[in-house]
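Inspection log for the structure reproduced underneath, given as structure tokens.
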Amino acid sequence: MLPTEDTYFIYITMKNNIKIIGALLLTLAVSACHKDADTLVNYAYADNLSFSEAQQSYAGKFRVFWNAMNQNYTLWDYEEENGLDWDAVYDEYLPKFEALDKPDTKVTDAALKALMTEMVAPLHDGHMYVEFVNHQTNNSIIVSPSEGRNDKRADAEELKGFKPSIYTYYLNSQLKRYMSYDATVAGQLRNMLAKPGIGFQWVRTCMAELEAKSSLTESEVIQYEGLSKLSKAMEKLVSQPIDEGWLGNFNSLVQQYSYLNVPFLEQIDPRFADNGIKLEFAQTNDDIVYLQISEFALSVYLEDDMFNEELGGNDRNSEIRQHVVRVWQAWFDTIQDLHKSGRLKGVVIDVRSNPGGYMNDANYVLGALIPSGGLQYGWSRYKRGVGRYDYSPLTPKYMYTMDAPHEIIDDCPIVVLANAASVSMAEMTSLSAQQLKNGTVIGRKTFGGLCGLTGNSSNSDNYSGHIGVKGTTPVYVYMPTECILNMDKKPLEGIGVTPNIEVAFDPDEYETNGNDTQIDRALQFIRTGN
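Following numbering that gives the first Met the number 0, the numbering of the sequence shown begins with 0 at its first residue and continues without gaps.
Structure (structure tokens):
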């Protein structure tokens with residue numbers, strides 16, 4: 000049931016305790032569309048009263064989800080504009096979930112997932128995912144409205160197996176400087192598997208040397224047997240996808256065979272699963288400076304407090320931190336030196352396939368090139384009441400910029416490379432670049448998930464935030480806290496940031512000749528202005 004100007008006026012007057020009998024009756028009629036629709040219920044925490052009906056009932060899970068969304072979601076006007084009737088969703092799907100509660104009905108995980116996928120499909124929020132615990136199987140079923148939508152994009156095929164890198168340009172002698180470091184779990188693993196003289200390569204070399212001997216001592220037999228078992232177990236493990244349980248299995252394997260003293264075959268801190276980052280810095284022969292950032296966790300490495308909180312207390316982590324900082328510092332210093340000498344031709348910031356992260360990172364990436372004081376790239380609002388359309392006024396949304404002295408790059412092009420897997424903070428970076436007179440976004444339209452998230456502590460200030468507690472409540476929704484709009488005051492959820500220059504990535508050209516069509520277009524634009 001949608002609000003009218005009259006019902007909105009009634010709501011305001013009631014807030015001010017004006018006793019208008021007719022208005023009160025109309026307001027009650029509006030509020031009674033569905034039970035609890037406009038009643039404040041604490042869905043932010045593991046409150047037994049809020050989630051009790053969802054423990055052993057599929058209809059209860061749906062009602063919790065529907066009511067909590069009704070109270071907490073920040074995009075209802077946008078969803079309405081796109082044709083979604085939330086009351087009709089209730090009427091359509093409650094009977095379907097009630098049917099699952101019939102006696103002797105076996106509800107498989109696949110069946111529940113299919114119904115949940117239908118339920119969330121019309122929603123546009125790019126961050127959201129919904130998790131119901133199937134009480135018949137005790138498994139968590141997760142669905143996301145953006146998952147199916149972006150799989151249908153025409154450019155989805157370009158993303159399969161794609162990891163941005165300018166390394167081939169270094170091999171082709173187009174760069175005068177190149178540095179990189181990969182602190183992600185996959186990067187640390189790759190280092191232990193592929194680097195000569197350490198880790199897995201040391202295991203292979205040692206086994207070959209033992210095999211070449213005509214006879215082995217008792218200790219060498221034990222060593223060979225251990226290396227052989229480690230080698231087989233490692234080959235099996237690395238053939239599997241790196242998912243939530245993978246890292247624990249890897250660390251257990253390293254611990255099990257620690258007696259072999261394999262050089263640099265070490266456990267990987269699980270905290271890198273969230274805070275691992277890959278950076279690439281390059282300087283072309285004609286002084287265009289490039290930075291590729293795999294995700295926005297740079298502030299974890301550059302800020303002492305953040306590092307101590309997220310990755311501190313480990314000497315190996317401190318060493319990894321130094322490598323990451325060294326790459327960023329080389330990028331920053333090169334820009335400073337080239338700009339001061341008048342030789343800087345342009346800057347490329349590559350956020351393709353970047354899933355987002357900490358907003359603080361803006362200080363050290365795009366914000367390190369522009370004046371201090373922040374850059375407005377849009378507007379934001381919060382949910383400030385239990386009514387479906389109770390929003391705060393719009394306030395300007397700013398990107399952080401570096402306060403420390405730095406060169407202001409306003410006299411040569413700044414290009415942001417983005418694609419369909421650029422999400423959240425990567426999209427905010429793209430949107431911010433478009434507010435600069437010398438900023439250009441090249442590539443593909445971004446993912447469409449800009450609305451910001453915080454922890455549930457914000458629920459005390461706003462009627463928005465996560466629904467439930469992951470791993471604790473039978474219903475959990477990963478939910479944005481604020482709605483972010485562009486400078487035209489339009490949400491971009493489910494749409495994304497449209498590039499100034501659209502360019503496809505050509506996998507065949509990259510595979511055959513090492514040429515990245517999107518990087519090539521960025522370099523062409525900087526060099527020619529076209």
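All C-beta atoms, glycine included, are put in the ideal place defined by N, C-alpha and C.
Item: Simplified DSSP state of Ala98, which is helix, strand or coil; Value: helix
Item: Option in Leu368, Asp389 and Tyr289 with minimal Cα separation from Asn71; Value: Asp389
Item: Contacting residues, own chain, Cβ-Cβ under 8 Å from Leu170 (five flanking each side not counted); Value: Gly513
Item: For Lys382, three-class secondary structure by DSSP; Value: strand
Item: DSSP three-state assignment for Tyr475, whether helix, strand or coil; Value: strand
Item: Inter-residue spacing [alpha-carbon to alpha-carbon] between Leu252 and Gly198; Value: 13 Å
Item: Inter-residue CB distance, Cys411 and Lys344 (contact presumed, cutoff 8 Å); Value: 6 Å
Item: Run of the beta strand (DSSP E) containing Ala281, from where it starts to where it stops; Value: Lys277 to Thr283
Item: Rounded C-alpha distance that separates Lys489 from Ala417; Value: 20 Å
Item: Segments of 3+ residues assigned as beta strand (DSSP E) that fall wholly inside the region 168-224; Value: 174-181
Item: CB contact flag (Leu301, Tyr363, <7 Å); Value: yes
Item: Top-ranked residue by Cα proximity to Gly448, from Phe64, His126, Lys194 and Tyr376; Value: His126
Item: Start-to-end residues for the alpha helix (DSSP H) that takes in Leu571; Value: What the structure shows of the chain is the stretch from 0 to 529, and residue 571 is not part of that stretch, so it cannot be assessed.
Item: Contact set for Ala521: own chain, Cβ-Cβ below 8 Å, skip 5 residues either direction; Value: Val347, Val414, Leu416 and Ile441
Item: Delimiting residues of the alpha helix (DSSP H) encompassing Val253; Value: Trp245 to Gln255
Item: Whether Arg270 touches Leu310 by CB criterion (7 Å); Value: yes
Item: Identity of the residues DSSP links to Gly536 by a beta bridge; Value: Lying outside 0 to 529, the shown extent of the chain, residue 536 is not represented and no answer is given.
Item: Per-residue burial, Glu219 [other beta carbons within 10 Å of its own, 16 or more giving buried]; Value: exposed
Item: For Ser429 and Phe446, believed in contact at Cβ under 8 Å, the rounded distance; Value: Phe446 to Ser429, Cβ: 10 Å. No contact.
Item: Environment of Gly321 [buried if 16+ CB atoms lie within 10 Å]; Value: Strictly speaking, residue 321 in this sequence is Gln, with Gly absent from that position. Classification of Gln321: exposed, given that the 10 Å Cβ count is below 16.
Item: Residue from Lys101, Leu122, Gly528 and Arg383 with nearest C-alpha to Thr439; Value: Gly528
Item: Beta carbon of Tyr376 nearer than 7 Å to that of Ser298; Value: no
Item: Three-pair Cβ contact test at 8 Å for the region 104-111 versus the region 472-487; Value: no
Item: Where Asn66 falls, given that 16 or more other Cβ within 10 Å makes a residue buried; Value: buried
Item: Met398 - partner residues in DSSP beta bridges; Value: Leu374
Item: Completely contained alpha helix (DSSP H) runs for the region 68-133, where each covers 4 or more residues; Value: 75-80, 85-99 and 108-119
Item: Which listed residue (Met486, Arg443 and Leu368) has its alpha carbon closest to that of Thr394; Value: Met486
Item: Continuous alpha helix (DSSP H) stretch holding Thr511: start and end; Value: Pro506 to Asn512
Item: Glu508 to Leu111 span [Cα, whole Å]; Value: 42 Å
Item: Pick from Ser317, Ser352 and Leu365 that is closest to Trp330, judged by C-alpha positions; Value: Leu365
Item: Local conformation of Leu48 per DSSP, three classes; Value: helix
Item: Rounded straight-line distance, which links the Cα of Val502 to that of Asp515; Value: 11 Å
Item: Burial state of Ser352 (16 or more Cβ within 10 Å); Value: buried
Item: Local Cβ density within 10 Å of Asp303, reported as buried at 16 or more and exposed below that; Value: exposed
Item: Reduced DSSP secondary structure (H/G/I, E/B, other) of Ala361; Value: helix
Item: Gly225 versus Glu243: straight-line alpha-carbon distance, rounded; Value: 27 Å
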